[in-house]
Amino acid sequence: MAHLLDLEKARKELASKDLQTIERDTAITWGGRAGASYANVLDEEDHSEGMRWFWEAETYRAEAIEHAAMTEDARFLERLTLEVESHRAKAREHLVQAGHVYVQGGRTPSAQRRERPFPSTPGVGRGTKHKARPVGR
Numbered sequence: 001m002a003h004l005l006d007l008e009k010a011r012k013e014l015a016s017k018d019l020q021t022i023e024r025d026t027a028i029t030w031g032g033r034a035g036a037s038y039a040n041v042l043d044e045e046d047h048s049e050g051m052r053w054f055w056e057a058e059t060y061r062a063e064a065i066e067h068a069a070m071t072e073d074a075r076f077l078e079r080l081t082l083e084v085e086s087h088r089a090k091a092r093e094h095l096v097q098a099g100h101v102y103v104q105g106g107r108t109p110s111a112q113r114r115e116r117p118f119p120s121t122p123g124v125g126r127g128t129k130h131k132a133r134p135v136g137r
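Note that the numbering used here gives residue 17 to position 17 of the sequence shown, counting from 1, and the numbers run on in steps of one.
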């Protein structure tokens with residue numbers, strides 16, 4: 001079975017770059033993936049595919065910010081975050097305008113959710129063996 005890890009390539013990179021440069025390059029790569037994925041949201045006609053692009057972009061965004069933070073360069077972190085967020089805002093607004101409430105950062109509106117009892121409510125839920133008794137009796 002072929003090895004997944006290319007140790008020779010890694011050794012060459014480690015010999016030519018310090019850790020901060022590796023983290024910086026990695027952050028820029030992940031940030032580019034995030035930006036491109038957010039841009040794909042704007043170009044996508046199928047709303048479910050647009051949502052898929054958005055959520056993939058969220059993963060790339062998190063990786064970009066994580067690696068930028070590892071550089072311990074606050075200005076770089078801020079610059080990268082602002083650039084990625086500019087693409088994110090456009091994609092988010094596009095999806096919100098199309099009616100995707102989940103992207104707004106909130107939950108599904110109450111009117112669309114069934115009310116469920118709190119899981120620890122006595123006498124309610126799966127496996128209930130006893131009837132609920134009034135409190136204090």
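Ideal Cβ positions, reconstructed from N, Cα and C, are used throughout, including at glycine. Please read all numbers here as calculations on a predicted model, not as lab measurements.
query                                                                                                                                                              : result
Hey, Ala74 and Tyr38: beta-carbon distance below 8 Å or not?                                                                                                       : no
Report the CB separation of Ile22 from Glu13 in whole angstroms; it is logged as a contact under 8 Å.                                                              : 7 Å
Locate the alpha helix (DSSP H) running through Ala69, then write down its first and last residues.                                                                : 47 to 70
Around the C-beta of Ala10, are 16 or more other C-beta atoms found within 10 angstroms, so that it is buried, or is it exposed?                                   : exposed
From the beta carbon of Thr29, is the nearest beta carbon of chain C less than 8 Å away?                                                                           : Structure shown: chain C not included; a single protein chain is present.
What number of angstroms, rounded off, separates the C-alpha of Tyr60 from the C-alpha of Met51?                                                                   : 14 Å
For Ala69, I'd like the list of residues in its chain whose CB is within less than 6 Å of its CB, leaving aside the five on either flank, ordered along the chain. : Leu77
Quick one: what does DSSP say His87 is sitting in, helix, strand or coil?                                                                                          : helix
Taking the alpha carbon of Glu56 as the point to measure from, which residue in Val41, Glu66, Asp46 has its own alpha carbon closest?                              : Val41
Taking only the alpha-carbon atoms, compute the straight-line gap between Ala2 and Thr81 and give it to the nearest angstrom.                                      : 37 Å
Secondary structure at Asp18, three-state DSSP: helix, strand or coil?                                                                                             : coil
If we call anything under 8 Å between Cβ atoms a contact, is His67 one with Ala27?                                                                                 : yes
Whose CA, out of Ala34, Gly35, Arg79, His47, lies closest to the CA of Ala98?                                                                                      : His47
Is the beta carbon of Ala64 closer than 8 Å to that of Ala36?                                                                                                      : no
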